[in-house]
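Protein chains in written order, with the working numbering: chain W, 27 to 492; chain Z, 19 to 470. Virtual Cβ for every residue (Gly too), placed ideally from N, Cα, C.
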């Protein structure tokens, strides 16, 4: 069962990287073989949880020992406009007896307790390594619980050992396709209904974009999964068009919804001014093609013109301060080129960008944007990164939290642009915020103080007593 | 005396507990030039790593044997060997500390046996110390993992000896002590002219300093040679009940005596520690500590008004719970609710009616009428819902700066904690209003009708 699913998501026809592979390579899947003692990153369960936890009104129940939830809960910045249930940590916290006798009954009782106490619209049950090894059949337990309590209880079968985070994202998507999407009908539909797929509303980024869509009369039928409610996702098959954000993490949802429900989609980004405009254009183009009034496109152009001008006006102040400052950009996949373009828009010089998770197509786009001699970094060890920064080959590093201290310990400004970040950088507003944050980081007065040696280490030390 | 109960819910809601392997890993992070490693899936390590990064705001060296599906089913012993060789090649540490996880314990890998064979087959790794500890996720809690890891460090690394070095004293430190606590103890020992070995010593590795160069391993901590020589100390001082197994292991190895101090927050326990150090060194208690003692007594006099009768709800691991509950009771407060993560001989002696081995949902349900909620950062949502003041204690503390530099041991640490808690209680003191003193039920209602 699970094996078939994994093969299926590895064989994703919508994935450009996958399409360039030979049959044999495709079979091996997109997970690189991990090297014991030299591996980093989350597991498939982690990926599945990241992808679905932003659904705010669902109880997310982790079936496993305390490590899987106890060590990790409440650590993501996905925001909600309503329910806070998604921030409650639920786990079966299985013990030795469960390992010996099986944990299915324990899981069933846990589901019952959650429904009795919290009565959520649905319970998502996440499989983890240990119960998978002892053979707990979470699909069967969820089916029995759904029937008994007349409530959707959804199995998310992505135990950690099957692979890395990215695979977990996709398996989570499969669970939504198999058990949630298309199971309910919306009260009403409009020609302006869209889905946004792969947007997690980190730090509230969706809310930087939603006012633009609201202004155009476009309704987000479902965002998968940022600030989503269960019913919205169950009804999302009635959207007219979809936008897929964030690389390939949820491409299987976008493609299969196109296949099953004829919802056309495009891949876009809300990072950077031109990317935001392009995405708005693509949304309105798809909606018009699906029957929305043609004047939507004119209204979209008018909005783009107004908002771009407003953003540029605000960015102009930063241009003289940021021109020529060198940025080292360490991030994954699609984010590389969209952020590179954005940074260049204000005159920053990108001295290197990571392409570890990027596809050939992504790399081509980076070359287009940065020129043929683009410095693409495939995999940089922390030691190399430290060397590059301490030799002052960059003025600031933008990366995820993992490498934050490499920059900070080298006394180089650093800005978080990954999922744990606290600032929102989407849309026109987000770009202005990103540039403001870069400016704040670069011009903070601490750097000159920190880089100065202690007086007793220099010959110019003042003579206090002479 | 307290009744110890175990929460009988099937579903844990808002966990207080963290898992054993990362408790063990944190203990290994207190060793110098060490690379801790979890024998499990890569996610086991990633979750622990993110947790520690959020708490300490430091790079955390922590590796994984990266068990995939095949290794998980067929056994992952070869992954351990490969991992050791890889780590040795890439990071070249002096010590590798390995903790097992739920994944590998379910299969039942015989790691001890494998390591013997592996080390025999790789004589070139002779200088590399490897310490293994069995820490299944589905048993016990964070504090237990720490306790077992330190015991195994002693068992594996300390060299048996009958020799004694005058003025040499060992400190075995529980997982509830912070970087600042360890620095305070080091200063105390030095003030008596004693030379202390501190195990594990996260004050060397996780104190948040800027190293001169990049290191893939821990940036400091107890050195391997120091640990090997611990048998030569005159005395071992263990802090926290969780350190008893390590203290006993050390006593078995080299026959030296140990004393166990259950806590170091409060007046009396610090009197005991300083008295002990004075006797051991033959040096009178320095003037500095006499002054600090006097300051603490004065703080107790000034502060006790705000503690008296206050109802406190605490969620913490057993040794931290013991420290806080005992001290707060000594200040006149009432520990109304005590939730903990795992068994400990201290629990039944706790100064409250009941100790529950449970979660933050249990804590929240029992804290509604309390004046203060004390637990780690995950309790912030509960405190917000209940609308009562919140003190962050324990690990993780990810929504405040300086968790490692919180000092709560010694006279000075107790004084500072007293002020912090006292200020929270003072700031939230109830203001009186006209309806503060109503007559019993009906009387009040009738008088209103009469006036109206």
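For residue 99 (chain W), which residues of its own chain have a beta-carbon under 7 Å away from its beta-carbon, when the five flanking residues on both sides are left out? Annotation for residue 99 (chain W): 115 place their beta carbon closer than 7 Å to its own, counting only its chain and skipping 5 residues before and after.
Per DSSP, what kind of secondary structure is residue 176 (chain Z) in: helix, strand or coil? Coil.
Indicate whether the contact test is met: 3 or more Cβ pairs, each with one atom in the region 252 to 270 of chain Z and one in the region 309 to 317 of chain Z, closer than 8 Å. Segment contact: the region 252 to 270 of chain Z against the region 309 to 317 of chain Z, fewer than three CB-CB distances shorter than 8 Å; contact not assigned.
Counting contacts by CB-CB distance shorter than 8 Å, is residue 291 (chain W) in contact with chain Z? No, residue 291 (chain W) lies away from the interface with chain Z (no Cβ there is under 8 Å from its Cβ).
For the alpha helix (DSSP H) containing residue 393 (chain Z), list its first residue and its last residue. It is not in any alpha helix (DSSP H) - residue 393 (chain Z) instead sits in the beta strand (DSSP E) that spans 390 to 393.
Of all Cβ atoms in chain W, is any one closer than 8 Å to the Cβ of residue 52 (chain Z)? With 8 Å as the cut-off, residue 52 (chain Z) does not count as an interface residue toward chain W.
Label residue 38 (chain Z) either buried or exposed according to how many other C-beta atoms from any shown protein chain fall within 10 Å of its C-beta, with 16 as the threshold for buried. With 16 or more other Cβ atoms within 10 Å, it is buried.
Residue burial classification, residue 51 (chain Z) (beta-carbon count within 10 angstroms, cutoff 16): Burial call: buried.
Cross-chain neighbours of residue 69 (chain W) in chain Z, by beta carbon under 8 Å: 59, 60, 61, 62, 64, listed in chain order.
Have a look at residue 120 (chain Z) and residue 295 (chain Z) and give me their C-alpha separation to the nearest angstrom. Taking C-alpha positions only, residue 120 (chain Z) is separated from residue 295 (chain Z) by approximately 42 Å.
First and last residue of the beta strand (DSSP E) that includes residue 99 (chain W)? Segment: none, residue 99 (chain W) is in no beta strand (DSSP E) and carries neither H nor E.
Where residue 83 (chain W) sits in the DSSP three-state scheme: In the structure shown, residue 83 (chain W) falls within a coil segment according to DSSP collapsed to helix, strand and coil.
Quick check on the burial criterion: 16 or more other C-beta atoms within 10 angstroms. Buried or exposed for residue 324 (chain W)? Residue 324 (chain W) is exposed by the Cβ-count criterion.
Quick one: residues in its chain with C-beta nearer than 6 Å to the C-beta of residue 6 (chain W), no 5 flanking neighbours on either side, listed in chain order? Lying outside 27 to 492, the shown extent of chain W, residue 6 (chain W) is not represented and no answer is given.
Is residue 260 (chain Z) helix, strand or coil by DSSP? DSSP places residue 260 (chain Z) in helix when its eight states are reduced to three.
Between residue 415 (chain W) and the rest of its own chain, which residues show a CB-CB distance below 8 Å, the 5 nearest in sequence each way excluded? Within its own chain, the residues whose Cβ lies closer than 8 Å to the Cβ of residue 415 (chain W), once the five positions on either side in sequence are excluded, are 354, 423, 432, 433, 436, 438, listed in chain order.
Given a threshold of 16 other Cβ atoms within 10 Å of its Cβ, counted over all protein chains shown, does residue 24 (chain Z) qualify as buried or as exposed? Label assigned to residue 24 (chain Z): exposed.
Cβ of residue 153 (chain W) less than 8 Å from any chain Z Cβ? No - not a single Cβ of chain Z is within 8 Å of the one on residue 153 (chain W).
Chain W contact for residue 29 (chain Z) (CB, 8 Å cutoff): Chain W contact via Cβ: present.
Hey, does residue 422 (chain Z) have any beta-carbon neighbour from chain W nearer than 8 Å? Residue 422 (chain Z) does not count as touching chain W.
Please classify residue 26 (chain Z): does DSSP put it in a helix, a strand, or coil? DSSP, read as helix, strand or coil, puts residue 26 (chain Z) in coil.
Please work out which residues of its chain come closer than 8 Å, Cβ to Cβ, to residue 318 (chain W), disregarding the five sequence neighbours upstream and downstream, and give them in chain order. Excluding positions up to five away in sequence, the list reads 217, 218, 266, 310.
Using a beta-carbon distance below 8 Å, is residue 483 (chain W) in contact with chain Z? Taking Cβ atoms only, chain Z never reaches closer than 8 Å to residue 483 (chain W), which makes this a no.
Taking only three categories from DSSP, how would you classify residue 440 (chain W)? In the displayed model, residue 440 (chain W) falls within a strand according to three-state DSSP.
Is residue 472 (chain W) buried or exposed, if buried means 16 or more other CB atoms sit within 10 Å of its CB? With fewer than 16 Cβ atoms within 10 Å of its Cβ, residue 472 (chain W) is classed as exposed.
Using a cut-off of 8 Å between C-beta atoms, extract the partners of residue 72 (chain W) located in chain Z. Chain Z residues near residue 72 (chain W): 61, 64, 65.
In the DSSP output, what is residue 188 (chain Z) paired with across the bridge? Beta-bridge pairing links residue 188 (chain Z) to Z:215, Z:254.
Return the CA-CA distance between residue 220 (chain Z) and residue 47 (chain Z), expressed in angstroms with no decimal places. Going from the Cα of residue 220 (chain Z) to the Cα of residue 47 (chain Z) covers about 7 Å.
Compute the Euclidean distance between the alpha carbons of residue 66 (chain Z) and residue 68 (chain W), then round it to the nearest angstrom. Their backbone Cα atoms lie some 10 Å apart in a straight line.
Rounded to whole angstroms, what is the Cα-Cα separation between residue 281 (chain Z) and residue 447 (chain Z)? Using only the alpha carbons, I get a separation of about 29 Å.
Buried versus exposed, by CB contacts within 10 Å (16 or more), residue 145 (chain Z): Residue 145 (chain Z) should be labelled exposed.
Write down every uninterrupted run of the alpha helix (DSSP H) in the region 27 to 84 of chain Z whose length is 4 residues or greater and which is fully enclosed by it, in chain order. With a minimum length of 4 residues, the continuous alpha helix (DSSP H) runs that stay inside the region 27 to 84 of chain Z are 38 to 46, 60 to 74.
Determine the direct distance from the alpha carbon of residue 456 (chain W) to that of residue 449 (chain W), and round the result to whole angstroms. Between the alpha carbons of residue 449 (chain W) and residue 456 (chain W) lies a distance of about 9 Å.
In its own chain, which residues sit with a C-beta less than 7 Å from the C-beta of residue 326 (chain W), not counting the 5 before and 5 after it? Taken in chain order, the residues that qualify are 242, 306, 307, 310.
Would residue 526 (chain Z) pass as an interface residue toward chain W - the criterion being a Cβ-Cβ separation below 8 Å? It is not possible to answer for residue 526 (chain Z), since the shown part of chain Z is limited to 19 through 470.
Within chain Z, the residues that residue 132 (chain W) reaches when beta carbons sit closer than 8 Å: Below the 8 Å Cβ cutoff, chain Z contributes 28 as neighbours of residue 132 (chain W), in chain order.
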